[in-house]
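Residue numbers (mature numbering (1 follows the signal peptide of the UniProt record, and there is no 0)): -23 to -1, 1 to 113.
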């Protein structure tokens, strides 16, 4: 009986150490986080390029803190979150996503009124981007 108990304990310990742990995907692959950060960035670019639109800064700051909290709830550490936000590669990727978004929306980046038209459209449809902007 004692031999059986030792064997069972040994198997359970081995199983516990061999069981794979599900790895978290990179934050860039968590659409709820990555897409919301893109929207914050797009709203920021619109408000910087359109003289007729300003930012709802407190709302944007709250959204950013909520995203950090959501990432934490998903098991990401502050260090992992900061590494994602501070990564030059991620910044470049996000910039490219933003450029593609503006192109798809027909924004002429040399024309401030083009940004204004998109900003007003986003405000009108109450999108997440629009919720971060206000017309002057």
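Virtual Cβ for every residue (Gly too), placed ideally from N, Cα, C.
Rounding to the nearest angstrom, what Cα-Cα distance links residue i and residue j in this structure?
i	j	result
residue 23	residue 59	25 Å
residue 25	residue 31	8 Å
residue 1	residue 53	8 Å
residue 94	residue 61	31 Å
residue 90	residue 80	15 Å
residue 70	residue 64	10 Å
residue 84	residue 76	9 Å
residue 41	residue 49	12 Å
When you compare the CB positions of residue i and residue j, do they come within less than 7 Å of one another, or not?
i	j	result
residue 7	residue 78	no
residue 10	residue 44	yes
residue 111	residue 33	yes
residue 21	residue 113	no
Determine the closest residue to residue i out of the options, with distance taken between C-alpha atoms.
i	options	result
residue 105	91, 84, 16, 95	16
residue 47	76, 86, 4, 96	4
Name the two residues that bound the continuous alpha helix (DSSP H) containing residue i.
i	result
residue 20	8 to 26
According to DSSP, which residues form a beta bridge with residue i?
i	result
residue 114	Absent from the structure is residue 114, since the part of the chain shown begins at -23 and ends at 113.
For residue i, report the span of its beta strand (DSSP E) as first-last.
i	result
residue 44	That residue, residue 44, is in no beta strand (DSSP E); its alpha helix (DSSP H) goes 34 to 50.
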